[in-house]
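Student: Input: one structure, supplied below.
Numbering (my numbering), first residue to last: 2 to 284.
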């Protein structure tokens, strides 16, 4: 293998296996993952069931959700009943209320809510100058209103038991501005709508963490760096040069962060934003 090939491979995150340590068991816990059929949602679903939880996936794409569930239970050799799927638009109150009521009927309680849903609609990558109101509203409604609505509805059941954990997904670009220089001619970027929505989620997490604390409900966020999904080599090189770790984030690397935040080991952690970005925001 030549030097250039080795450098190219070094820019990609390794395919790693994250093991759930003892003491972080979620046996008996019931979890909801919104956007469970998306880019990082399936990894959260897998992490939760590996730790012992039963999981309900809420996603618009019911067929893909079922595929995710089937793959996970088959790979981990688990009963199919450990993961159930509900088609739901998380921005529509009736959809969320119906799905949550079905979960309560099935499993009697909800311990964990992971808001992993994200919108990438038409014209998502348009420039700031040409961004449309329609796309802006779609992104903000899905990325902010959807998680807020899910927190609002699920917290009713958590408050009755005076316990629960909610994890929202922020982003390093909810903390710092996007470096437009790394995108070049890739056809992608990080638009203003994404940055605004993720900054909103981080602040909403702080607000909700304080608001729900008297009810025994913890609310935290995970802010990932760029997630690797087969990007062009030119982009990988620019990204690698910009971050201390020299590569993008493997979605598998978010699993340990999630399990920590939802486990009893983080019982005094609330209103916190756990950053998993390879050091991007450290300089």
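For each residue, glycine too, the CB sits at the ideal point set by N, CA and C.
Run through the DSSP bridge pairs and tell me what residue 225 is partnered with.
Tutor: Residue mapping note: residue 225 aligns to position 224 of the chain shown, counting from 1. DSSP output for residue 225 lists 277 as bridge partner(s).
Student: Can you check which of these residues, 269, 166, 264, is closest to residue 52 by C-alpha distance?
Tutor: For this step, residue 52 is matched to residue 51 along the chain shown. The shortest C-alpha separation from residue 52 is found at 264.
Student: Give the single residue among 234, 170, 205 whose Cα lies nearest to the Cα of residue 41.
Tutor: Locating residue 41 in the chain shown gives position 40, where the first residue counts as 1. Closest option to residue 41, Cα to Cα, is 170.
Student: Going by beta carbon distance, what residues of the same chain come within less than 8 Å of residue 240, once the five residues before and after it are set aside?
Tutor: Working through the chain shown from its first residue, we reach residue 240 at position 239. Contacts found: 12, 183, 227, 232, 248, 249.
Student: May I ask you to list the residues that DSSP assigns as paired with residue 39?
Tutor: Residue 39 sits at position 38 when you count from the first residue of the chain shown. Paired residues: none, contrary to the question.
Student: What is the rounded straight-line gap between the Cα of residue 196 and the Cα of residue 175?
Tutor: Reading the chain shown from its first residue, position 195 is the one you call residue 196. Reading the chain shown from its first residue, position 174 is the one you call residue 175. If you take the alpha carbons of residue 196 and residue 175, they lie about 5 Å apart.
Student: Measure the CB-CB distance between residue 191 and residue 141 and report whether it falls below 8 Å.
Tutor: Looking up residue 191 in the chain shown gives position 190. Looking up residue 141 in the chain shown gives position 140. No, the pair does not count as a contact, with Cβ atoms beyond the cut-off.
Student: Per DSSP, what are the beta-bridge partners of residue 116 in this structure?
Tutor: As a position in the chain shown, residue 116 is number 115, starting the count at 1. Partner(s): 35, 169.
Student: Leaving aside the five residues before and after residue 177 along the sequence, list all residues of the same chain whose C-beta is less than 6 Å from its C-beta, in chain order.
Tutor: Indexing the chain shown from 1 puts residue 177 at position 176. Result list for residue 177: 282, in chain order.
Student: Just to confirm, is the Cβ distance from residue 202 to residue 145 under 8 Å?
Tutor: If you number the chain shown from 1, residue 202 lands on position 201. If you number the chain shown from 1, residue 145 lands on position 144. Yes, the pair counts as a contact, with Cβ atoms nearer than the cut-off.
Student: So, with DSSP's three-state summary, where would you put residue 27?
Tutor: As a position in the chain shown, residue 27 is number 26, starting the count at 1. Here residue 27 sits in coil by DSSP.
Student: Could you check what DSSP says for residue 189 in three-state terms: helix, strand or coil?
Tutor: Within the chain shown, numbered from 1, the residue matching residue 189 stands at position 188. Of the three classes helix, strand and coil, the one that applies to residue 189 here is coil, per DSSP.
Student: Could you tell me the distance, in whole angstroms, from the CA atom of residue 273 to the CA atom of residue 49?
Tutor: As a working mapping, residue 273 is identified with position 272 in the chain shown. As a working mapping, residue 49 is identified with position 48 in the chain shown. So the alpha carbons of these two residues sit roughly 20 Å apart.
Student: Of the residues 205, 236, 251, which one's Cα is nearest the Cα of residue 271?
Tutor: By 1-based counting over the chain shown, the position of residue 271 is 270. Of the listed residues, the one whose Cα sits closest to residue 271 is 205.
Student: Quick test of the definition: if touching needs 3 or more C-beta pairs under 8 Å, does the region 105-123 touch the region 161-169?
Tutor: yes
Student: Buried or exposed: residue 225, going by 16 or more other Cβ atoms within 10 Å of its Cβ?
Tutor: Within the chain shown, numbered from 1, the residue matching residue 225 stands at position 224. By the neighbour-count rule (16 or more Cβ atoms within 10 Å), residue 225 is buried.
Student: With H, G and I counted as helix, E and B as strand and the rest as coil, what does DSSP make of residue 259?
Tutor: The sequence position of residue 259 within the chain shown is 258, counting from 1. In the structure shown, residue 259 sits in a helix (DSSP, three-state: H, G or I).
Student: So, are the CB atoms of residue 37 and residue 71 less than 8 Å apart?
Tutor: One-based indexing of the chain shown puts residue 37 at position 36. One-based indexing of the chain shown puts residue 71 at position 70. Against a cut-off of 8 Å, the Cβ pair of residue 71 and residue 37 comes out as no contact.
Student: When DSSP labels each residue in this structure, what does residue 87 get in the three-state scheme?
Tutor: What you label residue 87 is simply residue 86 of the chain shown in a count that begins at 1. Looking at residue 87 - three-state DSSP - the assignment turns out to be strand.
Student: Please report the straight-line C-alpha distance between residue 136 and residue 86, rounded to a whole angstrom.
Tutor: The count along the chain shown starts at 1 and reaches residue 136 at position 135. The count along the chain shown starts at 1 and reaches residue 86 at position 85. Computed Cα separation, rounded: 28 Å.
Student: Between which residues of its own chain and residue 180 is the CB-CB distance below 7 Å, once the five residues before and five after are set aside?
Tutor: For the purposes of this step, residue 180 is taken as the residue at position 179 of the chain shown. Closer than 7 Å at the Cβ level, and outside the excluded window around residue 180, lie 243.
Student: From residue 57 to residue 143, what distance separates their C-alpha atoms?
Tutor: Translated into the one-based positions of the chain shown, residue 57 becomes position 56. Translated into the one-based positions of the chain shown, residue 143 becomes position 142. Rounded to whole angstroms, the gap between the alpha carbons of residue 57 and residue 143 is 19 Å.
Student: List the whole-angstrom C-beta distance separating residue 147 from residue 91, where the pair is believed to meet the contact cut-off of C-beta under 8 Å.
Tutor: Indexing the chain shown from 1 puts residue 147 at position 146. Indexing the chain shown from 1 puts residue 91 at position 90. Correct: roughly 4 Å between the Cβ atoms.
Student: Just mark residue 210 as buried or exposed, buried being the case when its beta carbon has 16 or more other beta carbons within 10 Å.
Tutor: On the chain shown, residue 210 is found 209 positions in, with the first residue counted as 1. Buried, because 16 or more other Cβ atoms sit within 10 Å of the Cβ of residue 210.
Student: Given a cut-off of 8 Å on the beta-carbon distance, is the pair residue 111 and residue 218 in contact?
Tutor: The residue labelled residue 111 in the question sits at position 110 within the chain shown. The residue labelled residue 218 in the question sits at position 217 within the chain shown. Not a contact, by the Cβ cut-off of 8 Å.
Student: Is the CB-CB distance between residue 97 and residue 89 below 8 Å?
Tutor: As a first step, residue 97 is located in the chain shown; it is residue number 96 there, counting from the start. As a first step, residue 89 is located in the chain shown; it is residue number 88 there, counting from the start. Yes; because the gap between Cβ atoms is below 8 Å, this pair is in contact.
Student: For residue 132 and residue 123, what's the separation of their Cα atoms in angstroms?
Tutor: Mapped onto the chain shown, residue 132 falls at position 131. Mapped onto the chain shown, residue 123 falls at position 122. Cα to Cα, residue 132 sits roughly 11 Å from residue 123.
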